[in-house]
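Participant: My structure is below; once you've seen it, I'll send some questions.
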DNA sequence: CTCGGGCCGTGACATCCGTCATGCGGAGGT
DNA sequence: ACCTCCGCATGACGGATGTCACGGCCCGAG
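In structure tokens, the structure reads:
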């Protein structure tokens, strides 16, 4: 079966390629390091399974998954990520992913998951599935996410207001909402919590 | 040559093991997922080269490197990390590392670096070396680092004071110093900048 | 021994931040 | 038509934060 690997860290990507090449029934026919190169490569190399990291330059693996789903629905998608955040899992499934793995897991699970999605199964870590279900959906509105994301790197209110073309008071209001919804005590904690839950 | 791999993400660790096993002259004789297991494993398996990640539970790869250096000076140490922060490079070299690689690099460089350190050479990314030299040393004092680290996850002043057994005013003073030294405009930005430079 | 620097604290002050009340317009649902 | 939710805004208030000046203790370098 023809496999594509998308992962931005060269060493990790090539190591995973070496690992999968040990499997007789799998062949790594393409490797990309950016999310926005996935869809084209999948089409060009007639890929049967795409293994995607989430955090990548250009485009997230989740968005790339949605692109693949639209352009070539028969290609299976496996999301393999460092962070087992419930929100990531939820969004990955909404984008049509067939499997969701965390890189903490033993390597054998990757090949195993690939074979299972090829048989038409879905593969999800049960612990994560439970967490995603108990958490409920992302409670932040679009603008609240925007403001929180802009505050994430330490910008002051005036900066955020300028960047998003808002009034400073509005920025304060959205942040206040976000802080309450995350049950945090200030913006920094709100950012941390939202990140952990995959809301950002 | 006998190689140890220390890396917390199972999938990545085993993939790197597969990669290195393709090299005729290298043999992966031990794998650990925690920093505090490195030294014992190095001694037990008579390891010639230890490949260490930095971010690991239990102990950082840099501290583990120092342990190995003390307990078994002839063992070479290769630090392989996700983040090419100048401060990491500096601290790794101070701990006696023989090579410093970023995981962005192509996989071939890993085996190459291992062979070179075995010949007694040091291997450092020249771009990073330049950055480390232009940056100068960490300007933060021990206590300033402590309070900044405690503020990193969104704790309020009272929390930090309690955690470090300080007065709240003292926390404010240290944070103010840290903010000035990082040329930041608030604690959150100071945390970000200190992280980027590897001062934390 | 003196001097600088790290460490810890206090007090005062200006500013920033988080909260709340309130308002308006638009989109979507019943 | 009505209600609800989102987006955007203003104004006011208290508390948190950042800055500054100042003092103390201890240690190592010169």
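Protein chains in written order, with the working numbering: chain U, 130 to 329; chain G, 130 to 329. Beta carbons: idealized from backbone N, C-alpha and C, even for Gly.
Step through the CB atoms of chain U and report whether any lies within less than 8 Å of the CB of residue 140 of chain G.
Facilitator: It does; some Cβ of chain U falls within 8 Å.
Participant: Ordered along the chain, which non-local residues of its own chain (more than five positions away) have a Cβ less than 6 Å from that of residue 177 of chain U?
Facilitator: Cβ neighbours of residue 177 of chain U beyond the five flanking positions: 130, 131.
Participant: Per DSSP, what are the beta-bridge partners of residue 156 of chain G in this structure?
Facilitator: DSSP output for residue 156 of chain G lists G:131 as bridge partner(s).
Participant: Measure the alpha-carbon distance for residue 217 of chain G versus residue 223 of chain G and round it to whole angstroms.
Facilitator: Taking the straight line from one Cα to the other gives about 10 Å.
Participant: Is the shortest distance between the beta-carbon of residue 320 of chain G and the beta-carbons of chain U less than 8 Å?
Facilitator: Residue 320 of chain G counts as touching chain U.
Participant: Residues of chain G with a CB under 8 Å from the CB of residue 164 of chain U: which are they?
Facilitator: Under the 8 Å cutoff, chain G gives no residues; its nearest Cβ is about 16 Å from residue 164 of chain U.
Participant: Report the neighbours of residue 285 of chain U on chain G: residues whose CB is nearer than 7 Å to its CB, in chain order.
Facilitator: Correct list: 314, 315.
Participant: Flag this pair as touching only if the region 147–156 of chain G and the region 316–323 of chain U have three or more C-beta atom pairs under 8 Å; answer yes or no.
Facilitator: Result no; under three Cβ-Cβ pairs closer than 8 Å.
Participant: If the criterion is Cβ atoms closer than 8 Å, does the pair residue 164 of chain G and residue 195 of chain G meet it?
Facilitator: Result no, Cβ atoms of residue 164 of chain G and residue 195 of chain G do not sit closer than 8 Å.
Participant: Could you tell me the distance, in whole angstroms, from the CA atom of residue 197 of chain U to the CA atom of residue 291 of chain U?
Facilitator: Each residue's alpha carbon lies about 36 Å from the other.
Participant: Applying the 10 Å Cβ sphere with the 16-neighbour rule, what's the burial state of residue 235 of chain G?
Facilitator: Exposed.
Participant: Going by DSSP, what residues sit across from residue 181 of chain U in a beta bridge?
Facilitator: DSSP, once it has assigned bridges, lists U:135, U:208 as partnering residue 181 of chain U.
Participant: Going by the CB atoms, is the gap between residue 167 of chain G and residue 209 of chain G shorter than 8 Å?
Facilitator: Contact: no.
Participant: Fully enclosed by the region 284–315 of chain G, which alpha helix (DSSP H) runs are 4 residues long or longer?
Facilitator: With a minimum length of 4 residues, the continuous alpha helix (DSSP H) runs that stay inside the region 284–315 of chain G are 286–293, 297–310.
Participant: Comparing the C-beta of residue 235 of chain G with each C-beta of chain U, is any distance below 8 Å?
Facilitator: Taking Cβ atoms only, chain U reaches closer than 8 Å to residue 235 of chain G, which makes this a yes.
Participant: Please give me, in chain order, every unbroken run of the alpha helix (DSSP H) with length at least 4 that falls completely inside the region 212–240 of chain U.
Facilitator: Listed in chain order, they are 215–223.
Participant: Alpha carbon to alpha carbon, how far is residue 257 of chain G from residue 219 of chain G?
Facilitator: Answer to the nearest angstrom: the Cα atoms are 10 Å apart.
Participant: Please return the same chain residues whose Cβ sits closer than 7 Å to the Cβ of residue 182 of chain G, not counting the five positions on each side in sequence.
Facilitator: The residues are 135, 136, 137, 190, 209, 210.
Participant: Hey, residue 283 of chain U and residue 321 of chain G: beta-carbon distance below 8 Å or not?
Facilitator: In contact: residue 283 of chain U and residue 321 of chain G (Cβ atoms closer than 8 Å).
Participant: Whole angstroms is fine: what's the gap from residue 232 of chain G's alpha carbon to residue 298 of chain U's?
Facilitator: For residue 232 of chain G and residue 298 of chain U, the distance between alpha carbons rounds to 43 Å.
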